[in-house]
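Okay, structure first, notes after.
In the working numbering, the protein residues as written are -1 to 265.
Dropping the structure here:
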């Protein structure tokens, strides 16, 4: 039997310039100071790698910050869940970075139009979702690649998730978990009322999705792309942006693809 194929390291040589970024918590800050004392620190713009100290939410913030520099991110879990991070240990960090395996993520790009006609644009590594602003459910028309697929969905909201984000809000809304290599985007309703039996869809990653808000004066809706929230939207389009990518590093045998598979068998 042949040995399993190993994903090549992200670094042709040992990384020497590390930028340490910490969430605003005591444990993250203390861990950062300890690591800086041992390995030094440098600005993001000159770093070989960014080491993120915090939880999954903070790592998403870091991805947005580093994408312009094209450097990978290695996360150390100083938060709670830590799905996208590695465990903190006393092992040599340079050795861990050198052996780490990369996972590439392409974000979703959201373009939203407000009731006043203002255009808003943002990217999301986790998900784009729409959600009602009042006690009343929203009514949404769904088009995929310029073809109406659902003339009217009455619901609390709807989610388009990336594969990496399929284990987050999407999973909580009973959406499917999607492997990184599947080239699929889960489209998941939030508390659908009509059609009552519609549970969502799996779309090719190349699909362009458009949401049109019906009766928006009576049923206002907000749209969210990771950290960007737009209130009172009338229309939203979502596409995967293949021109952008972020690279997350994981310790061997604990990569994102393995975690996504393992999550589907979790109790």
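The beta-carbon is built from N, C-alpha and C at its ideal position, and this holds for glycine as well.
May I ask which residues mark the beginning and end of the beta strand (DSSP E) holding residue i?
i: residue 118; result: 117 to 122
i: residue 55; result: From DSSP, residue 55 is part of no beta strand (DSSP E) but of the alpha helix (DSSP H) over 54 to 64.
i: residue 246; result: 244 to 248
i: residue 201; result: 199 to 202
Counting only the same chain and skipping the five closest in sequence on each side, list residues whose C-beta sits under 7 Å from that of residue i.
i: residue 12; result: 92 and 96
i: residue 242; result: 65, 104, 105 and 121
i: residue 146; result: 139
i: residue 143; result: 205 and 206
i: residue 44; result: 15
Reducing DSSP to helix, strand and coil, say where residue i ends up.
i: residue 186; result: strand
i: residue 0; result: Any reading at residue 0 is ruled out, since the residue's pLDDT is 30, under 50, leaving its predicted position unreliable.
i: residue 144; result: coil
i: residue 131; result: coil
i: residue 154; result: coil
i: residue 111; result: strand
i: residue 99; result: strand
i: residue 73; result: strand
Do residue i and residue j have their C-beta atoms within less than 7 Å of each other?
i: residue 51; j: residue 17; result: no
i: residue 232; j: residue 111; result: yes
i: residue 33; j: residue 244; result: no
If you drop the 5 nearest sequence neighbours on each side, which residues of the same chain put their C-beta closer than 8 Å to that of residue i?
i: residue 53; result: 21, 75, 76, 77, 78, 79, 80 and 83
i: residue 240; result: 104
Using C-beta distances below 6 Å, list every residue in its chain close to residue i, excluding the 5 sequence neighbours before and after it, in chain order.
i: residue 163; result: 124 and 125
Determine the extent of the alpha helix (DSSP H) in which residue i is found, giving its start and end residues.
i: residue 33; result: 24 to 37
i: residue 257; result: 254 to 261
TODO: Take every Cβ of the segment 218 to 227, pair it with every Cβ of the segment 183 to 193, and state whether three or more of those distances are shorter than 8 Å.
DONE: Contact between the segment 218 to 227 and the segment 183 to 193 is not established, with fewer than three Cβ pairs separated by less than 8 Å.
| task | Please determine if the segment 152 to 163 and the segment 127 to 135 are in contact, where contact requires at least 3 C-beta pairs separated by less than 8 Å. | result | Contact between the segment 152 to 163 and the segment 127 to 135 is present, because at least three Cβ pairs lie under 8 Å.
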